[in-house]
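For my numbering, add 20 to where a residue sits in the sequence shown, where the first one is 1. For every residue, glycine included, the Cβ atom is placed at its ideal position computed from N, Cα and C.
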Amino acid sequence: MSFNVAIDGPAGAGKSTIAKQVARKMNLIYVDTGAMYRAIGLYFIRENISPDETDRIEEVCRKADVTIRYEKGEQIVCLNGENVNAWLRTEEVSRMSSRISVFPEVRAKLRQLQCRLAADEDVIMDGRDIGTCVLPDADVKIYLTASVEVRAKRRYEELQAKGTECSLEEIMKEIADRDHRDMTREESPLRQAEDAVLVDTSDMGIEEVAAEIIRICGEKRGWK
Ligand code: DC
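Below, the structure written as structure tokens:
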């Protein structure tokens with residue numbers, strides 16, 4: 021049986037940074053499910069398909085083939101055979117991935133891929149519905165969150181460090197909009213699973229959060 025850790029939470033809570041650290045220290049494979057939704061979002065953008073064209077969702081699911089492979093521990097997302105990692109982190113793709121993630125057909129397609137990965141390997145998987153829908157029997161479930169203000173400030177500082185012009189107010193609005201969409205959609209909305217441990221990272225450093233999660237995982241795995 022594989023060992024599975026589920027990490028859910030809103031955008032900017034630090035899920036991927038923390039999950040990567042925990043993966044390294046506990047020898048787990050890090051699965052970033054947001055990147056899979058981003059790849060489908062990218063397909064909509066490239067093909068000039070609007071999420072309002074709901075009659076084309078089935079066609080998108082048929083034509084957009086998303087696969088995952090790992091190179092030196094890094095997750096590579098391929099869209100119809102092309103490594104698209106470099107195209108997934110724009111604000112346009114963030115917005116589109118959140119919009120297209122409401123479609124049950126898209127969710128079912130990606131859930132299948134996620135379940136297969138978790139069945140075969142020891143994984144730490146992050147997303148919005150991992151503990152509630154994708155891996156309801158995960159060994160450890162964490163709900164990682166932080167205030168909108170703190171999450172927006174982290175994103176702002178990240179963009180500034182890259183030399184990208186941005187406004188804190190706009191980022192705050194983008195994050196609040198995305199939270200709202202992700203939490204209120206009908207199909208597997210973002211929410212804390214009943215058996216998930218809540219970790220609020222507003223006043224915690226990365227090391228501290230990672231250490232806490234490793235402690236929880238270690239206990240479950242029978243490590244002392
Ligand atoms: O984690 P992220 O910001 O890369 O995710 C991008 C979008 O994908 C997010 O706004 C909602 C969607 N998503 C989802 O609906 N379910 C997941 N398990 C992961 C992401």
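With a 10 Å radius around the Cβ and a threshold of 16 neighbouring Cβ atoms, Lys35 comes out buried.
According to the DSSP assignment, Lys161 belongs to the beta strand (DSSP E) that extends over 160 to 165. Counting along the chain, the unbroken alpha helix (DSSP H) around Glu227 starts and ends at 226 to 241. Within 6 Å of the C-beta of Asp202 there is at least one heavy atom belonging to the ligand DC. Where Glu177 is concerned, the enclosing alpha helix (DSSP H) starts and stops at 168 to 181. Taken from the Cβ of Tyr57, at least one heavy atom of the ligand DC lies inside 6 Å. Rounded to the nearest whole angstrom, the CA to CA distance from Gln180 to Ala43 is 28 Å.
Taking a cut-off of 8 Å for Cβ pairs, the segment 168 to 180 and the segment 25 to 33 touch, as three or more such pairs fall below it. Distances taken from the Cβ of Ala216 to the heavy atoms of the ligand DC include none shorter than 6 Å.
With a threshold of 6 Å, the Cβ atom of Ala43 does not count as near the ligand DC, since no heavy atom of the ligand is closer than that. DSSP places Ile88 within a strand segment (E or B) once states are collapsed to three. Asp146 carries a strand assignment under DSSP once its states are collapsed to helix, strand and coil. The shortest CA-to-CA distance from Val86 to any of Ile150, Arg109, Glu177, Gln134 is the one to Gln134. Distance from the CA of Ala55 to the CA of Leu62, rounded to the nearest whole angstrom, comes to 10 Å.
Arg235 and Ser117 have their C-alpha atoms some 33 Å from each other. In this structure, DSSP gives Val122 a state outside helix and strand, which the three-state scheme calls coil. Contact between the segment 198 to 208 and the segment 132 to 147 is not established, with fewer than three Cβ pairs separated by less than 8 Å.
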